[in-house]
Structures are given as structure tokens and as C-alpha cells.
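Note sheet for the following structure.
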Amino acid sequence: MSEAELNNQEETIPFYPDHVKTEFYVVIGTTVVVMIVGLIGLFMPVGLGEPADPMNTPAHAKPEWYFLFLYQLLKYIPKSAGAVGPVLAMILITIWPFIDRKPDKSRRAYRSRFIIAGVIIIIVIALTIWGEVG
Amino acid sequence: MKKYYRWRRGIITSILVSVVLLVVITSMAHANSATRAQRESDTPVAPYDWTSINALIAETDDPASSITPPPATDPCLHCHIQGENKGLWTPLTRWALFGSLGLVFVLGVYRSATVWKTRKPWKPFTQRSVEWVDERYEISEPMTKILKKPVPKYATRWFYCLGGITAFLFVVQGVTGIMLAFYYKPTPEAAFASIQFIESQVRFGSAIRMVHHWAANGMIVMCIAHMLRVFIMGAYKPPRELNWVSGVVLLLVTLGFGLTGYLLPWDQTAYWATTVATEIAGALPVVGDLALVFLRMGWNITAVTLGRFYALHILILPILTLVLMLGHFLMIRRQGVAKPL
Chain A
1 MSEAELNNQE
11 ETIPFYPDHV
21 KTEFYVVIGT
31 TVVVMIVGLI
41 GLFMPVGLGE
51 PADPMNTPAH
61 AKPEWYFLFL
71 YQLLKYIPKS
81 AGAVGPVLAM
91 ILITIWPFID
101 RKPDKSRRAY
111 RSRFIIAGVI
121 IIIVIALTIW
131 GEVG
Chain B
1001 MKKYYRWRRG
1011 IITSILVSVV
1021 LLVVITSMAH
1031 ANSATRAQRE
1041 SDTPVAPYDW
1051 TSINALIAET
1061 DDPASSITPP
1071 PATDPCLHCH
1081 IQGENKGLWT
1091 PLTRWALFGS
1101 LGLVFVLGVY
1111 RSATVWKTRK
1121 PWKPFTQRSV
1131 EWVDERYEIS
1141 EPMTKILKKP
1151 VPKYATRWFY
1161 CLGGITAFLF
1171 VVQGVTGIML
1181 AFYYKPTPEA
1191 AFASIQFIES
1201 QVRFGSAIRM
1211 VHHWAANGMI
1221 VMCIAHMLRV
1231 FIMGAYKPPR
1241 ELNWVSGVVL
1251 LLVTLGFGLT
1261 GYLLPWDQTA
1271 YWATTVATEI
1281 AGALPVVGDL
1291 ALVFLRMGWN
1301 ITAVTLGRFY
1311 ALHILILPIL
1321 TLVLMLGHFL
1331 MIRRQGVAKP
1341 L
């Protein structure tokens, strides 16, 4: 978007100080949260488990929560499909803007994308909780 | 002009509040340290006999002993003997407080004298330094152009903050990560003990590790939230395709940070979580074994894996992230943020 284009279609604010100030408030808010987390950490540290022992496999080994849905998926569907699927999905996500090119600003398009994203996220969250509990 | 003063008042208030907070926090840490137990126990710890070190030196045969003799006049002998030694923070706070007051006083005298001598209004130091730099490098004009660039008003809507929070959490991760790297040792023998040392001995070590741990999780959550926002708003559409691609790569790099960082504490949870996480890559049909060996640097997670993960975590991935983030931001700068409905 060029500047001339911007000026005649929308009201604008200068990057500095107006926009920078908003970002500054966001930074301050995040810092406060981070400080509170740190204060909690003074009294309740993250802690450590037993030292690693390659000879001793614990009963319930789980990956980090952001890989848990993949791990859970792999348990119940054929291994190769379960591993190829995410790779293909990742490639699809990466090239998505080259597939969905139509400029569409309608409320309907927003709603359909919202539903797609919501369904995917709910499936992933459900798999994660299942993996965490099961 | 009035606005400027309001800003200044806010800044002064926040400085005062943070000084008070610093004093409170440090005294809290002090109160929880081992000296408290000593102070409150029924049998007070006998004050250390400061003069005994002289006897120790006298006993050594070698005159050029490695023990340096104590200063002839201890700057504060009674502090050690009577247990008045308050550690680092009390003198530091005193120096900062009275030193800055002294500087303010000296500056005031200088300012009054200059105004009286030159009969001209006082020019603030900030303005002087700006003029000094601008005289030499002439950056004020391009800087003004950069800073005054008009931004659409909708760019301050709340849902545009998610990417900014992710970027700021990356900065938090950088700062706390550097702090942890001062104490962490990336070998199977020492890693666990060094984390224990950070948690129990280093001042504020457990707080720093807590922040690093939770900001890492928060960064992944914020990444995904930002991605969903961009997807739902259709902000990836032309002309912003490459911004989306670089964002996906940034998400993958963030997950890489998570994978490599989770192994570093070298406890049972970390070891086996990394084992099963890398097994996911091992399930790929043709290249599975190759991917597994590539990720683990062998069939199992060993000292080599730990070293490689550490190097990836603190060198390769941060550099990659910085480069990608620079591109990401420059593209936003050039194209502007996508318009909401």
C-alpha cells in the first residue's frame, strides 16, 4: 500500500509517537506478566525430575505439549500416514497463499475461514488433552 | 508542552516505584537467604575471628605464599566482627541514591552558572547530543521520515498485538537465555547439576528459569494465535504471500527452539520427552531412519545430541529467527497491516 493510497482512504496516525506508544503499552503489560511469573518462580521453582537415565524407561513417556497431538495421532493411525500427513499439512499451510489468491473481504469468507480454523484448533486441543490424560 | 510534562511525571513516578520494588524484592531475597536462619537461631553463629588469618600466614613456610595478606587497615573491620556486614545491596543502593543526588546538585550549579555567564536560555543535554550527532551524520531527516510514516488507525486494534507480543517474548527469551547460559554446562555429567545450581544457589536463578520456561510456552501460544488471526482475516492473500511463508518458517523455528531447549535440563522427563518427540520424525516412511539419526546424531540421545541441541538452541536458531524476523517486519513496513472488515 503506497502512502498516497493510504492517505485518501483511511485516517492515519503517525508511526511515532502514536503507534509506538500503543506497542509500548503492550510491552509494559507483557513485562508485568513476565515479572509476576518470575516472582512466583522465586518461591515455586520449575524444578527438576530425576537425572536422565538412558537405561531406565519411565512408564509414561510423553513429548512436550506442542508435539503431543502428533504423538497421539501416531498411536492410532498407521505410522507412515501419521507421519506423512503432518508434513503434507505443513507444506499445504506454507503454500496456502499461492492457492487461495482471490481477494475476498466479505463477512462470509471471514466466517468460513473462522470455522475452518476453529475446527482444526478444536481437533488439535482435543488430541492434546487426550494425550495428556490418557 | 503540557503533554511532555505529563510524560516526565509518569517516568519519574515509575522510576521511584521501581526503586522501591527493587529494594523490597532484594530485601525479600535477603530475608529468605541462609543468613536469616543464622540470625534467628538460638545459638548465634560465633563471629569469625578475623585476626586468625594472620596466624595462618605466619605458619606457612613459603613467604611468597598464595594467600594474600589482609589489608593493614580493614575498611570496615567491625562490620565483619560484629556481623554488621549487609552484603552488596545496601551500599549499592546508598551509592546510587546519594551519588545521583550529588550529580543533580553539581548539574544544577553548572547550569545556573552557565545561564548567568552566557545570558542565554539553557539547552537540555538531550537536545545538545541530538544536535551533535546530527551535525556529523545528518540522520535527523531520514529518521523523521521513518518515524512519521503514517500508519492506518486500525493498526492499533487489539488483535494486531499478538505478533508484537511474540516478538517481545523472543526478546525476553534472549535476555533470560543469556543469563542462564552463564551457568549452564552442556554435558551429560554437568547439565543436571548446573540447573540445580541455578535453581538453588544463583540469586534470582529460579525466577529467571521460571520466566524462560513459561515465556517459551507463551511464545508458542502467541505464535499460533497470531497465525490464526492472520488466517481468519485473510491477511495472507496477495500481496502478502511471502510474509505468510516467513511466518510459517518462524513458527517451525520456534518449535525447534522448544524441541532443542526441552532436552537441556537432562532429567528423565526431558530425556524421554525428546526421545518420543524425535520418534515422530522416525515414523516417516522412506527417510524416517535418516531423519531420526540426523535429529539425534546417532541412534540414541547421547552427549553429542546434547551438545548439538545446545549449539542449535543458543546460536543457530536465534540467528535464523533474527534474520527471518527482520524480513517479516520489513515486509510489514513496506506493505502495511492488512485491513480488517
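As given, the protein sequences belong to chains A and B, one line each in that order.
Everything in the first sequence is counted per this note's numbering, starting at 1 for the first residue and increasing by one.
Everything in the second sequence is counted per this note's numbering, starting at 1001 for the first residue and increasing by one.
We put the CB at the ideal spot given by N, CA and C, even for glycine.
Everything numeric in this text was worked out from a predicted model, so none of it was measured.
Just how far apart, CA to CA, sit A/His19 and B/Asp1267? 45 Å
Look at the Cβ atom of B/Gly1258, then the Cβ atom of A/Tyr66, and state whether they are nearer than 8 Å. yes
Can you pull the chain A residues whose beta carbon is under 9 Å from the beta carbon of B/Tyr1262, in chain order? Pro63 and Glu64
In chain order, what residues of the segment 11-33 of chain A put their CB closer than 7 Å to some CB of chain B? Glu11, Thr12, Ile13, Pro14, Phe15, Tyr16, His19, Thr22, Glu23, Val26, Val27 and Thr30
Do B/Pro1265 and B/Phe1192 have their C-beta atoms within less than 8 Å of each other? yes
Minimum C-alpha distance to B/Cys951 - residue among A/Lys102, A/Thr30, A/Val46 and A/Ile129: The question about residue 951 of chain B has no answer, for chain B in this structure spans 1001 to 1341.
Can you give the Cα-Cα distance for B/Tyr1236 and B/Phe1168, rounded to whole angstroms? 22 Å
Where does the unbroken alpha helix (DSSP H) through B/Pro1318 begin, and where does it stop? Leu1317 to Gln1335
Output needed for A/Ile13: all residues of its chain with C-beta closer than 8 Å, excluding positions within five of it in sequence on either side, in chain order. His19
For B/Tyr1183 and chain A, any beta-carbon pair shorter than 8 Å? no
Nearest-angstrom Cα distance between B/Trp1124 and B/Ser1100? According to the sequence shown, residue 1124 of chain B is Pro rather than Trp. Roughly 18 Å between the two C-alpha positions.
Of the residues B/Val1337, B/Val1249 and B/Pro1340, which one's Cα is nearest the Cα of B/Met1325? B/Val1249
Residues near B/Ala1225 in its chain [Cβ-Cβ closer than 7 Å; skip 5 each side]: Leu1162
Three-state secondary structure assigned by DSSP to A/Asp104: coil
Residue from B/Pro1239, B/Ala1281 and B/Ile1232 with nearest C-alpha to B/Gly1256: B/Ala1281
How about B/Ile1301 and B/Tyr1271: are their beta carbons less than 8 Å apart? yes
Strand pairing of B/Asp1134, partner residues [DSSP]: BP columns for B/Asp1134 are empty, so no partner.
Can you give me the C-alpha to C-alpha distance between A/Glu137 and A/Ile116, rounded to a whole angstrom? Lying before the first or after the last residue shown, residue 137 of chain A is absent from chain A, which here runs from 1 to 134.
Which of the three DSSP states, helix, strand or coil, is assigned to B/Asp1289? helix
Three-state secondary structure (DSSP) of A/Ile125: helix
Taking CB distances under 8 Å as the criterion, tell me whether A/Trp96 reaches chain B. yes
Short-range partners of chain E found in the segment 1160-1179 of chain B, where Cβ spacing is below 8 Å: Absent here is chain E; the protein component of the structure consists of chains A and B.
At the level of alpha carbons, what is the spacing between B/Thr1321 and B/Trp1244? 15 Å
Kindly indicate which three-state DSSP category B/Thr1176 falls into: helix, strand or coil? helix
Let's test the definition: count the other Cβ atoms within 10 Å of the Cβ of B/His1213 and tell me whether it reaches 16, buried, or not, exposed. buried
DSSP three-state assignment for A/Val46, whether helix, strand or coil: coil
Kindly confirm or deny that the segment 1287-1300 of chain B and the segment 1104-1124 of chain B touch, where touching means at least three C-beta pairs closer than 8 Å. no
Taking 8 Å as the cut-off, decide whether the C-beta atoms of A/Val87 and B/Met1210 are in contact. no
Let me make sure I understand the geometry here. Which of B/Glu1135, B/Ala1338, B/Arg1111 and B/Ile1011 has the alpha-carbon closest to that of B/Met1233? B/Ala1338
Would B/Ala1283 and A/Leu73 qualify as a contact pair, given that the criterion is a beta-carbon distance under 8 Å? no
Over the uninterrupted beta strand (DSSP E) stretch that includes B/Val1202, give me the two end residues. Counting along the chain, B/Val1202 falls outside any beta strand (DSSP E), and DSSP gives it neither H nor E.
Can you tell which of B/Gly1288, B/Ala1311 and B/Leu1251 has its C-alpha closest to the C-alpha of A/Thr94? B/Leu1251
Distance, Cα to Cα, A/Met1 vs B/Ile1332? The predicted model places A/Met1 with a pLDDT of 48, which falls under 50 and marks its position as unreliable; any figure quoted below should be read in that light. Each residue's Cα considered, the two are about 10 Å apart.
Give the residues of chain A in contact with B/Trp1266, contact being defined as C-beta atoms less than 8 Å apart. Pro51 and Ala52
Using the Cβ count rule (16 or more neighbours within 10 Å means buried), how would you classify B/Thr1013? exposed
Length of the line joining the Cα atoms of B/Thr1144 and B/Gly1288: 54 Å
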